[in-house]
Amino acid sequence: MIKEVNDINFNEEIANSDNIVVVDFWAPWCGPCKMLSPVIEELANEMGKNVKFAKINVDESPIIASTYKISSIPTVMVFNKDSVKETLVGFRPKAELKKVIEKNL
Amino acid sequence: MNARYDIAIIGTGPAGLEAAINAKIRNKNIIIFGSEDLSSKISKAAKVNNFLGLYNITGIQLKNSFAEHIAAMGIGIVNEKINNVYAMGDYFALMVNEKSYEAKAIILATGIEYTKPLIGEEEFLGKGVGYCATCDAPLYKGKTVVIVGYNKKSVEETNYVSELSEKTYFIPMYKGEYNLNQNVEIVNHKPLKIVGNDVVTKIILDQGEIVTDGVFMLRDSVSPSQLVPGIEIENGHIKVNRDMKTNIEGCYAAGDCTGTPYQYMKSAGEGLVAALSAVSYVDKLHDNK
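So the sequences go chain by chain: Z and W. Here the first sequence is numbered in UniProt numbering, starting from 1 and rising by one per residue. Here the second sequence is numbered in UniProt numbering, starting from 1 and rising by one per residue.
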């Protein structure tokens, strides 16, 4: 399951989460984001037990997008509490994303 | 839904063509992207004496025998430029602007012709540097953007960006007419490097500099790491093993894009190996289903 997160529930869903959180920054007008989203979904199905998955629409969450200096999408970040452990800019194959996430478990 | 090809080959030089004929012989459903000219490098060669079996010929003669060979085998070239290849898991999505193709395996045979990145370009990728202006333009609403344009298409993208950004600069890297919106400022100086701290702050030119929030590099030919996000590069070339396999499952590479020596026979040989590896990968996919 992928949680929709925005400026309002960011702290509750990500900063205060017990698990690490994989966040997909996206927007509806971004082509590569559309390609990445089924890949993230597959990962969420496989790894959802130990890792939380979230997506943030940068159009609707300008505060978070500017706090984390999102200047290109898709961007995937791995959060542990409120600190960013990994940042991956652009589409990435599933195997690579999985490796990066596992490194942070 | 689009038909899913067994193998998609990107590039019509000796590596791509040799891959195509071998995959075809193995009865795979293939698609090959490139140009009718096959390879501009071959046509430019004055004399070729190191291609076994074809002695003392010109590049054009060599090109013509390649063309006859693939035509005789019923291989047609799709004259479209692939912008991105996304590894989706058990297949690849090949994007041509708004259109896309699907293939179970891919062979990269793109040669080595791409322009070197600017200093700082790779360092600031995603931190102010981008390759798709239309993708990221809304993130620069009310900000300053510099676009380094290598082709006509970059003018269209610049106009789109200028409708959202506060200030847009266009640095043309080719000669021609630029049909730009009035509020775009054309800068006729050569870009040298991109600098910043956490994020881009300015672009340094051979004369002066521009303070900016973002820089888009819009080129004709893209480097392998832009073409296939996630592919492993080593010393400026695609990293492959003896089976011509890259770090991405189902993705193979052959020819100049994998490294030196840049020679026809080496490219063709690698194309052959890549095709056979791709064929056995595709067969294995079927067995698992």
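Glycine included, C-beta positions come from ideal geometry on N, C-alpha and C.
CA-CA distance, residue 240 of chain W to residue 254 of chain W, rounds to 9 angstroms. Residue 53 of chain Z places its beta carbon less than 8 angstroms from that of residue 40 of chain Z. Look at residue 63 of chain Z: its C-beta is not under 8 angstroms from any C-beta on chain W. The shortest C-alpha to C-alpha distance from residue 92 of chain Z to any of W:92, W:86, W:94 and W:93 is the one to W:86. Note: residue 202 of chain W is bridge-paired with W:195 and W:211 in the DSSP secondary-structure output. In terms of beta-carbon proximity, residue 199 of chain W lines the interface with chain Z, with at least one pair separated by less than 8 angstroms.
Residues of chain W with a Cβ closer than 9 angstroms to the Cβ of residue 53 of chain Z do not exist; the shortest Cβ-Cβ separation is about 16 angstroms.
Listed along chain Z are 32, 35, 36, 39, 91 and 93, each with a C-beta nearer than 9 angstroms to that of residue 86 of chain W. The beta carbon of residue 193 of chain W sits closer than 7 angstroms to the beta carbons of 118, 119, 120 and 204 from its chain, once the five residues preceding and following it are set aside; these are given in chain order. For residue 251 of chain W, the three-state secondary structure derived from DSSP is strand.
Residue 237 of chain W sits in a strand when the DSSP states are folded into three classes. For residue 35 of chain Z, the uninterrupted alpha helix (DSSP H) segment begins and ends at 31-47.
Contacts with chain Z (Cβ-Cβ distance below 8 angstroms) from the region 103-127 of chain W involve 125, 126 and 127, listed in chain order.
The beta carbon of residue 72 of chain Z falls within 8 angstroms of a beta carbon belonging to chain W, placing the residue at that interface. With a 10 Å radius around the Cβ and a threshold of 16 neighbouring Cβ atoms, residue 157 of chain W comes out buried. Taking 8 angstroms as the threshold, the shortest C-beta distance from residue 249 of chain W to chain Z falls below it.
With contacts defined as CB atoms closer than 8 angstroms, residue 238 of chain W and residue 258 of chain W qualify as a contacting pair.
For the options W:288, W:143, W:69 and W:160, the alpha carbon positioned closest to that of residue 135 of chain W is the one of W:160.
Below 8 angstroms, enough C-beta pairs join the region 27-46 of chain W and the region 8-15 of chain W to call them touching: three or more. DSSP lists W:102 as the bridge partner or partners of residue 4 of chain W. The DSSP-derived three-state label of residue 279 of chain W is helix. Close partners of residue 27 of chain Z in chain W (Cβ separation under 8 angstroms): 138. Secondary structure note for residue 185 of chain W: its beta strand (DSSP E) is the uninterrupted segment 184-186. Among the CB atoms of chain W, one or more fall inside 8 angstroms of the CB of residue 75 of chain Z. With 16 or more neighbouring CB atoms inside 10 Å of its own CB, residue 15 of chain W falls in the buried class.
Judged by DSSP secondary structure, residue 160 of chain W falls within the alpha helix (DSSP H) whose first and last residues are 152-162. Taking the beta carbon of residue 58 of chain Z as reference, the chain W residues within 9 angstroms of it are 138 and 139, listed in sequence order. Closest in C-alpha terms to residue 47 of chain Z, from the list Z:21, Z:65, Z:72 and Z:13, comes Z:21.
When rounded, the separation of the alpha-carbon atoms in residue 98 of chain W and residue 53 of chain W is 43 angstroms.
Take the alpha-carbon of residue 81 of chain Z and the one of residue 104 of chain Z: they are about 12 angstroms apart.
Taking the Cα positions, residue 246 of chain W is about 15 angstroms away from residue 90 of chain W. Excluding residues up to 5 positions away in sequence, 189, 190 and 192 lie with their Cβ nearer than 7 angstroms to the Cβ of residue 206 of chain W in the same chain. Comparing alpha carbon positions, the residue from W:198, W:263 and W:211 closest to residue 126 of chain W is W:198.
At least 8 angstroms separates the beta-carbon of residue 214 of chain W from that of residue 149 of chain W. If you look at residue 144 of chain W, you'll find it in the beta strand (DSSP E) that goes 144-149. In the displayed model, residue 50 of chain W falls within coil according to three-state DSSP, outside both helix and strand.
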